[in-house]
Amino acid sequence: MTDRNWTEAVLAALAKAHPDAKPELDFSNPFELLIATMLSAQCTDKQVNRVTPALFRDHPNAASVAAMTEDELIGYIRPCGFFNTKAKHILSACRDIVDRFGGEVPSGREELQSLAGVGRKTANVVLSNAFGTPAIAVDTHVFRVSNRIGLASASTVEKTEQQLMENIPEDKWSIAHHWLIFHGRRVCSSQRPKCANCTLKGLCKYYSENKRD
Ligand code: SF4
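For the sequence shown, our numbering assigns the number 40 to the initial residue and increments by one for each residue that follows.
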């Protein structure tokens, strides 16, 4: 466990640095968020947001998507990359949602993860952002930034998520996920973290060990 006062100071600094942190995928219901999140693998949120309006306008629910052919779906999602695999997973997941869950995206972790192409990270995104269930989705930004700062000290995504859940109060799990993503995108980049301009440098383990500026 990290020191409670230090953790509170880190979370307060992140909150101050990124008061606008929020989900960057556009969605208006759990179905749209699930599909957008599946499309966002290896693709930017901006690109997904360019693709989904036409898809959701023409196919606003799981039953409608499930009725498409693979080629029809690929016609909408091609710009997101890996479209063959994504189309297969989305069609399979939507058919399962229709057949097993009455057409509604399930709100339980096990049920979500039973859908094709839905791993723990995607389930966490849907649970926290669409259903308000506390969860921390560990993507590449969350993994890198939390381990640099010292909120986690782990070599795997699974252990990082576990440590973040131990160190961060549950009511802050979802927003902390967004803070860490925003910090990773804007300040603590993979190759060249902007430590000199970072408001967390007085708290950051990586900075104290490397003093990059
Ligand atoms: S001080 Fe540097 S390594 Fe630490 S969070 Fe800021 S940018 Fe990242």
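Note that beta-carbon positions come from the ideal geometry of N, C-alpha and C, so glycine has one too.
This structure is a prediction, so every number in the text was calculated from the model and none was measured.
For residue j and residue i, believed in contact at Cβ under 8 Å, the rounded distance
i: V90; j: C133; result: V90 to C133, Cβ: 16 Å. No contact.
i: F121; j: A80; result: 7 Å
i: L78; j: K125; result: 6 Å
i: N88; j: D65; result: 5 Å
i: E197; j: P173; result: With a Cβ gap of about 17 Å, E197 and P173 do not count as contacting.
i: Q242; j: A102; result: Here residue 242 is Leu; the residue named in the question, Gln, does not match the sequence. Wrong, their Cβ atoms sit about 49 Å apart, outside the cutoff.
i: L53; j: W218; result: 4 Å
i: G156; j: N100; result: G156 to N100, Cβ: 18 Å. No contact.
i: L130; j: E109; result: 6 Å
i: G189; j: K244; result: 3 Å
Contact set for residue i: own chain, Cβ-Cβ below 6 Å, skip 5 residues either direction
i: A215; result: I207
i: E56; result: Before going further, note that residue 56 is Ala rather than Glu in the sequence given. Around A56: T238.
i: A169; result: P69 and L72
i: L154; result: A132 and D135
i: V137; result: A101, A102 and A105
i: A191; result: S185, T199, Q202 and L203
i: T41; result: N206
i: F95; result: E71
Bounding residues of the alpha helix (DSSP H) (the contiguous stretch that carries residue i)
i: T161; result: R159 to A169
i: P69; result: P69 to L78
i: A48; result: R43 to A56
i: M204; result: V196 to N206
i: L154; result: L154 -> no alpha helix (DSSP H), and no H or E assigned at all.
i: E109; result: E109 to I116
i: V226; result: Segment: none, V226 is in no alpha helix (DSSP H) and carries neither H nor E.
i: S103; result: A101 to A105
i: H180; result: T179 to I188
i: H128; result: F122 to F140
i: Q86; result: D84 to D97
i: E248; result: K244 to N249
Same chain only: Cβ atoms within 7 Å of residue i, ignoring 5 sequence neighbours per side
i: P145; result: L151
i: Q230; result: none
i: C82; result: C119 and G120
i: K240; result: C234 and Y246
i: Q86; result: P118 and C119
Same chain, Cβ closer than 8 Å to residue i, five either side skipped, listed in chain order
i: I175; result: N163, S167, V181, E200, L203, M204, I207, W212, S213, A215 and H216
i: R43; result: none
i: D178; result: K160 and I220
i: A93; result: Y115
i: T326; result: Residue 326 is absent from the model: the chain starts at 40 and stops at 252.
i: R183; result: G223, C227 and S229
i: K61; result: H217
i: R117; result: none
i: M107; result: H98 and L130
Distance cut-off 7 Å: residue i Cβ against heavy atoms of the ligand SAM
i: I220; result: Judged by which ligands are present, the ligand SAM is missing from the structure shown, whose ligands are the ligand SF4.
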